[in-house]
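A.B. asks: Just passing along the structure, written as structure tokens.
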DNA sequence: ACTTAAATATAACCTCTTGTTATTGACCAT
DNA sequence: ATGGTCAATAACAAGAGGTTATATTTAAGT
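Residue numbers (our numbering), protein chains in the order written: chain H, 1 to 298; chain D, 1001 to 1298.
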């Protein structure tokens, strides 16, 4: 009996080609190497051709090249099918959104609650990593919408401002600058505790400081705003964090610096020209609607 | 758990639409009605939409229309994939050819033997029905190549002559015309035993008689040449059959009629612009090659 | 050439998927 | 009413498609 070809086999085959090995493909697809091997054999059996020359480095045969091209097309069409038909359904299923750290902490909790209240049939999955990784995930189709802490500059994306955020300079409670008249240049020789490269917060801080003529000496890089506050409290140096990161009584003092403000938008980003699932559509609506009602951003 | 969509579901869905009912689709696909029902439910579950309004006459919802369009596209791409990749393999698998009755009886046995000898890895499947049905099957992609008893006139097909055949007039052994000088008009008032409408043999006979100014009175229609001979032997009337249908000593006499000859080609037909599988390619080669060596057609 | 590390092939097994049959319930037409 | 047709559902069987464990191949380094 001629076992018929399966979508899964095509997916697996493309993954093999992409990763250059069965094992790697398996890792990518979350299955074991023998499973991958099976799919490949099934395909070769089906067509009666060797698709790939096996070896340390495996090399596609002409039939393999041919299959790859057509398989890509089929899978692409299938993706379109899924997306288009899904648009006829109400918000439902699983929605995966991404958020960079700051919006993830400050904005997403409220958005998520609001969204889930309105759309209980959608399982909401929020991936929180830094801005650059979030953007990359969006372009990789790992997430459908992203909320990040700066304008997006990639032409393949569209961004909508859904809120604003202010950053403040924080220092340890015993810092000598407290109470004094402080200008940007007073910070020039001090050690800074900043977020990592790739963080929108980091970029905003560096841009604003550069505009004021200051190049910060980075003593420490930390992957979360709360961690930055902690380090500052422990005396590691000067930090710049979102105002709202600071609790009612925090272990650090804020510092007003003459002529230095850190303002930045929260931006909802989606891929240009990609049709959104109804759930994503609904999420966007919540984001833009919520802003008027529930947010008191300046 | 989001069960993924399967090719089979798409096929089933399209078949439902095409046939207008689950049961009919099941019959078409060779599966039972509950199986079809399952597929439909799986799709609706997956997308969270009702695709078809159930009722005596089932009616596609907008989402169903949408799915149908995209599904057709996906399946079409898949068919192309199959065909293209198959071309990289040697002749193998299953080859389904069609033949109308006369070539099916006179030509195919030898061709089939010859083909199987050369390509033991191909299971050969010969569908023998009359010419019109054979042509229809070719256009429906039920068969890859066809051998019929007349030129093909459909512009979507290409035909190659691979042999010729002569028909003769047969009468019962006690017919009064035997031994006499017979002209076409002597046949005018006699009852004819002919093949059914849709048979190439039938068409050839009618055309030739018409050219000679005779409109046959059809007393009986039979679905095979052997049956025609049988009926003629039993005294049903005049028949016209391929010479080679008649055995060494047959129960009928042949009649030479002045100015009346029935010559017609055997034609190998394929669909224009459809890439053939390697097996079909090989079959074509056997057909055109065999003709020179093994056939003594006039 | 031998050894070794990394990768693929094979085997035995387990578990859902996707069919099956049997049955019930709904709907129409006589 | 009632008989025929069709879809839904339940219970079950076979096979696809995955798993772990183990053998075998391959290419590179000494």
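No residue lacks a Cβ here, since even glycine has one placed at the ideal position from N, Cα and C.
Predicted, not measured: the structure shown is a model, and the values here were computed from it.
In the DSSP output, what is residue 1160 of chain D paired with across the bridge?
C.D. replies: Counting from one through the second chain, the residue named residue 1160 of chain D turns up at place 160. Its beta-bridge partners are D:1268.
A.B. asks: Of all Cβ atoms in chain D, is any one closer than 7 angstroms to the Cβ of residue 275 of chain H?
C.D. replies: Numbered from its first residue, the first chain carries residue 275 of chain H at position 275. Not an interface residue.
A.B. asks: Residue 32 of chain H by DSSP, collapsed to three states: which one?
C.D. replies: Indexing the first chain from 1 puts residue 32 of chain H at position 32. Coil, per DSSP.
A.B. asks: Is there contact here, the segment 256-268 of chain H with the segment 141-150 of chain H, by at least three beta-carbon pairs under 8 angstroms?
C.D. replies: Contact holds: three or more Cβ-Cβ distances are below 8 angstroms.
A.B. asks: Candidates H:36, H:89, H:117, H:237: which alpha carbon is nearest residue 189 of chain H's?
C.D. replies: Indexing the first chain from 1 puts residue 189 of chain H at position 189. Comparing alpha carbon positions, the residue from H:36, H:89, H:117, H:237 closest to residue 189 of chain H is H:237.
A.B. asks: Does DSSP put residue 1228 of chain D in a helix, in a strand, or in coil?
C.D. replies: Here residue 1228 of chain D refers to the residue found at position 228 of the second chain. DSSP places residue 1228 of chain D in helix when its eight states are reduced to three.
A.B. asks: Report yes if the CB atom of residue 1257 of chain D is closer than 7 angstroms to the CB atom of residue 1204 of chain D, and no otherwise.
C.D. replies: What you label residue 1257 of chain D is simply residue 257 of the second chain in a count that begins at 1. What you label residue 1204 of chain D is simply residue 204 of the second chain in a count that begins at 1. No, the pair does not count as a contact, with Cβ atoms beyond the cut-off.
A.B. asks: Let's test the definition: count the other Cβ atoms within 10 Å of the Cβ of residue 26 of chain H and tell me whether it reaches 16, buried, or not, exposed.
C.D. replies: The residue labelled residue 26 of chain H in the question sits at position 26 within the first chain. Classification of residue 26 of chain H: buried, given that the 10 Å Cβ count is 16 or more.
A.B. asks: When you compare the CB of residue 1067 of chain D with every CB in chain H, is at least one pair closer than 7 angstroms?
C.D. replies: Position 67 of the second chain, counting from 1, holds the residue named residue 1067 of chain D. So yes, residue 1067 of chain D belongs to the interface.
A.B. asks: Tell me where the beta strand (DSSP E) around residue 108 of chain H begins and ends.
C.D. replies: Here residue 108 of chain H is taken as the residue at index 108 of the first chain, counted from 1. Where residue 108 of chain H is concerned, there is no enclosing beta strand (DSSP E), although the alpha helix (DSSP H) it sits in stretches over 108-118.
A.B. asks: Could you tell me the alpha carbon to alpha carbon distance between residue 153 of chain H and residue 160 of chain H, rounded to whole angstroms?
C.D. replies: Your numbering for residue 153 of chain H matches position 153 in the first chain. Your numbering for residue 160 of chain H matches position 160 in the first chain. Rounded to the nearest angstrom, the two C-alpha atoms are 12 angstroms apart.
A.B. asks: Are the C-beta of residue 1096 of chain D and some C-beta of chain H separated by less than 7 angstroms?
C.D. replies: Walking along the second chain from the start, residue 1096 of chain D turns up at place 96. With 7 angstroms as the cut-off, residue 1096 of chain D does not count as an interface residue toward chain H.
A.B. asks: Measuring CA to CA, which of H:83, H:8, H:57 is closest to residue 273 of chain H?
C.D. replies: Taking the first residue of the first chain as 1, we reach residue 273 of chain H at position 273. The candidate whose alpha carbon is nearest that of residue 273 of chain H is H:83.
A.B. asks: Which class does residue 1074 of chain D belong to by DSSP, given the choice of helix, strand or coil?
C.D. replies: Position 74 of the second chain, counted from the first residue, corresponds to residue 1074 of chain D. Residue state, collapsed to three classes: helix.
A.B. asks: Of all the CB atoms in chain D, is at least one closer than 7 angstroms to the CB of residue 47 of chain H?
C.D. replies: For this step, residue 47 of chain H is matched to residue 47 along the first chain. It does: the Cβ of residue 47 of chain H has a partner Cβ on chain D nearer than 7 angstroms.
A.B. asks: Does chain D have any CB closer than 7 angstroms to the CB of residue 114 of chain H?
C.D. replies: The sequence position of residue 114 of chain H within the first chain is 114, counting from 1. Interface criterion not met: the Cβ of residue 114 of chain H is under 7 angstroms from no Cβ in chain D.
A.B. asks: Starting from residue 1127 of chain D, follow its DSSP beta bridges and name the residues at the other end.
C.D. replies: By one-based count along the second chain, residue 1127 of chain D stands at place 127. Looking at the DSSP assignment, residue 1127 of chain D forms a beta bridge with D:1098.
A.B. asks: Quick one: what does DSSP say residue 16 of chain H is sitting in, helix, strand or coil?
C.D. replies: Here residue 16 of chain H refers to the residue found at position 16 of the first chain. It is helical.
A.B. asks: Counting only Cβ-Cβ distances shorter than 9 angstroms, please list the residues of the segment 1080-1095 of chain D near chain H, keeping chain order.
C.D. replies: 1080, 1081, 1082, 1084, 1085, 1086, 1087, 1088, 1089, 1090, 1092, 1093, 1094
A.B. asks: Taking 7 angstroms as the CB-CB limit, is residue 282 of chain H close to chain D?
C.D. replies: Counted from its first residue, the first chain places residue 282 of chain H at position 282. Chain D, which has no Cβ nearer than 7 angstroms to the Cβ of residue 282 of chain H, makes this no.
A.B. asks: Do you know offhand how far residue 1228 of chain D's Cα is from residue 1283 of chain D's?
C.D. replies: The residue you call residue 1228 of chain D lines up with position 228 of the second chain. The residue you call residue 1283 of chain D lines up with position 283 of the second chain. Straight-line Cα distance between these residues: approximately 31 angstroms.
A.B. asks: Output, in sequence order along the chain, the residues in the segment 1005-1026 of chain D whose CB is closer than 9 angstroms to any CB in chain H.
C.D. replies: 1005, 1006, 1007, 1008, 1010
A.B. asks: With 7 angstroms as the threshold, decide whether the Cβ of residue 1073 of chain D is near any Cβ in chain H.
C.D. replies: Within the second chain, residue 1073 of chain D is the residue found at index 73, counting from 1. It does: the Cβ of residue 1073 of chain D has a partner Cβ on chain H nearer than 7 angstroms.
A.B. asks: Going along chain D, which residues have a C-beta under 9 angstroms from residue 62 of chain H?
C.D. replies: Translated into positions along the first chain, residue 62 of chain H becomes position 62. Per Cβ cutoff of 9 angstroms: 1088.
A.B. asks: Do you know how far the Cα of residue 247 of chain H is from the Cα of residue 107 of chain H?
C.D. replies: Sequence index remark: in the first chain, residue 107 of chain H carries index 107 (1-based). Sequence index remark: in the first chain, residue 247 of chain H carries index 247 (1-based). Whole-angstrom Cα-Cα distance: 15 angstroms.
A.B. asks: Would you call the CB atoms of residue 194 of chain H and residue 202 of chain H closer than 7 angstroms?
C.D. replies: What you label residue 194 of chain H is simply residue 194 of the first chain in a count that begins at 1. What you label residue 202 of chain H is simply residue 202 of the first chain in a count that begins at 1. Less than 7 angstroms divides the Cβ of residue 194 of chain H from the Cβ of residue 202 of chain H.
A.B. asks: According to DSSP, is residue 199 of chain H helix, strand or coil?
C.D. replies: The residue labelled residue 199 of chain H in the question sits at position 199 within the first chain. In this structure, residue 199 of chain H counts as coil in the three-state DSSP scheme.
A.B. asks: Any idea what DSSP makes of residue 1184 of chain D, helix, strand or coil?
C.D. replies: Your numbering for residue 1184 of chain D matches position 184 in the second chain. Helix.
A.B. asks: Out of curiosity, what's the CA-to-CA distance linking residue 8 of chain H and residue 1140 of chain D?
C.D. replies: Start at 1 with the first residue of the first chain, and residue 8 of chain H comes out as number 8. Start at 1 with the first residue of the second chain, and residue 1140 of chain D comes out as number 140. Going by the C-alpha atoms only, they are around 28 angstroms apart.
A.B. asks: If I follow the unbroken beta strand (DSSP E) through residue 1242 of chain D, where does it start and stop?
C.D. replies: Numbered from its first residue, the second chain carries residue 1242 of chain D at position 242. Segment 1238-1242, the beta strand (DSSP E) holding residue 1242 of chain D.
A.B. asks: Is the beta carbon of residue 1028 of chain D less than 7 angstroms from the beta carbon of residue 1039 of chain D?
C.D. replies: Translated into the one-based positions of the second chain, residue 1028 of chain D becomes position 28. Translated into the one-based positions of the second chain, residue 1039 of chain D becomes position 39. No; because the gap between Cβ atoms is not below 7 angstroms, this pair is not in contact.
A.B. asks: What's the gap between the Cα of residue 1241 of chain D and the Cα of residue 1170 of chain D?
C.D. replies: Within the second chain, the letter at position 241 stands for residue 1241 of chain D. Within the second chain, the letter at position 170 stands for residue 1170 of chain D. The straight-line gap separating the alpha-carbon atoms of residue 1241 of chain D and residue 1170 of chain D is approximately 7 angstroms.
A.B. asks: Under 8 angstroms by Cβ, that's how I've got residue 1138 of chain D and residue 1271 of chain D pegged, so tell me the actual separation to the nearest angstrom.
C.D. replies: Position 138 of the second chain, counting from 1, holds the residue named residue 1138 of chain D. Position 271 of the second chain, counting from 1, holds the residue named residue 1271 of chain D. Right, their Cβ atoms sit about 6 angstroms apart.
A.B. asks: Give the DSSP-derived three-state secondary structure of residue 218 of chain H in the structure shown.
C.D. replies: As a first step, residue 218 of chain H must be located in the first chain, where it is residue number 218. In this structure, residue 218 of chain H counts as strand in the three-state DSSP scheme.
A.B. asks: Going along chain H in order, which residues have a C-beta closer than 8 angstroms to the C-beta of residue 1077 of chain D?
C.D. replies: Along the second chain, read from residue 1 onward, the residue named residue 1077 of chain D stands at position 77. In chain order: 70, 73, 74, 77.
A.B. asks: Measuring alpha carbon to alpha carbon, tell me which of H:5, H:122, H:88, H:23 ends up nearest residue 67 of chain H.
C.D. replies: Counting from one through the first chain, the residue named residue 67 of chain H turns up at place 67. Checking every option, the nearest Cα to that of residue 67 of chain H belongs to H:5.
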